[in-house]
Every structure is written in structure tokens, then in C-alpha cells.
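A short worksheet on the structure shown next.
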Amino acid sequence: DKNPTDLFQALEARQFSYAEEMFKQTNKQFNKECKTWVVARAQKKSEKKQLRFRALPLHAALVFGAPDDLIKKILDAYPLATRGRDVKGRLPIHLAYEHESSDDVIQIVLEAFPRGFLAKDKK
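For any residue, its number in our numbering is found by taking its place in the sequence shown, counting from 1, and adding 112.
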């Protein structure tokens, strides 16, 4: 992966207490990492380095089931993350529904980007 930040790695490993500690200890770095895309390209030469993964920490928090308060902190740090599409064209609102996020999380994601509700992914 390219740019696998500490925050993203903590979310991916479901080490949510570590991510919370990052917020408390290094808030400036936490805010910066909330804006950092993590990408991965295909390894095989025949696949022409095709993009196979692309996500922000908000995507990871939703997919890996982070606690609601941590999702809110990530969203507060970078509200524009709600407009970012993953490699499959999914917005965070799509991921929130797909991974059965709480009503509170769905509400704050929709409040940050209401038009996301009408957006379609690549399916």
C-alpha cells in the first residue's frame, strides 16, 4: 500500500484505542492523516499497475466497525471525506449502509454530504 498512515493501519487492525490515543496525543497529526488517501496498485506487470485499492480513514473506520465517537472525530477532522469515492466508486454513505453503521453515524455522514444519498456507485 502507498501512504499507509499510522491512523489507517490502526483502523485496519481494529486497534481503535490506539487511534483514539492518536487523537488525544497528536491531534495535528491525526487531522493530517484523516485527509490522506491510502492506495494500492496491482503488482503484476500484465495488469498495468491498475488501481486495486483507494480509501481514506473514514472509509476504513466504516468498513472495520470503528466506534461511533471515533468515526465522528475522523469526520470532524475532514468533513470532505464524505465526498471521496473508493476504488469501487462507493462513497462513505454507501459503506455506512453496507456495514450497518448506527443511525447516528448515518445521520452525521448524510449531514456532511446530503447529495451522497442519491449518488450511485459503480455497481
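Note that the Cβ used here is the ideal one computed from N, Cα and C, for glycine as well. Just so it is clear, the structure is predicted and the values come from calculations on it, not from any experiment.
- Assignment of beta-bridge partners to Phe128 by DSSP yields no partner.
- Cβ contact annotation for His206 (same chain, cutoff 7 Å, sequence separation greater than five): Asp233, in chain order.
- For the 8 Å CB-CB criterion, Leu187 and Ala131 do not form a contact.
- With respect to the 8 Å criterion, Lys184 and Ile218 are not classified as neighbours on the basis of their beta carbons.
- Contact annotation: Thr117 and Thr138 have beta-carbon atoms that are not nearer than 8 Å.
- Between Ala193 and Pro204, the C-beta spacing is below 8 Å.
- Shown here, Leu203 sits in coil according to DSSP, grouped into three states, outside any helix or strand.
- Annotation for Phe225: no alpha helix (DSSP H) segment contains it, and DSSP assigns it neither H nor E.
- Setting aside the 5 residues that flank it on each side, Leu123 is surrounded in the same chain by Ala131, Pro169, Ala172, Ala173, Phe176, Ala178, each with a C-beta closer than 7 Å to its C-beta; the list follows chain order.
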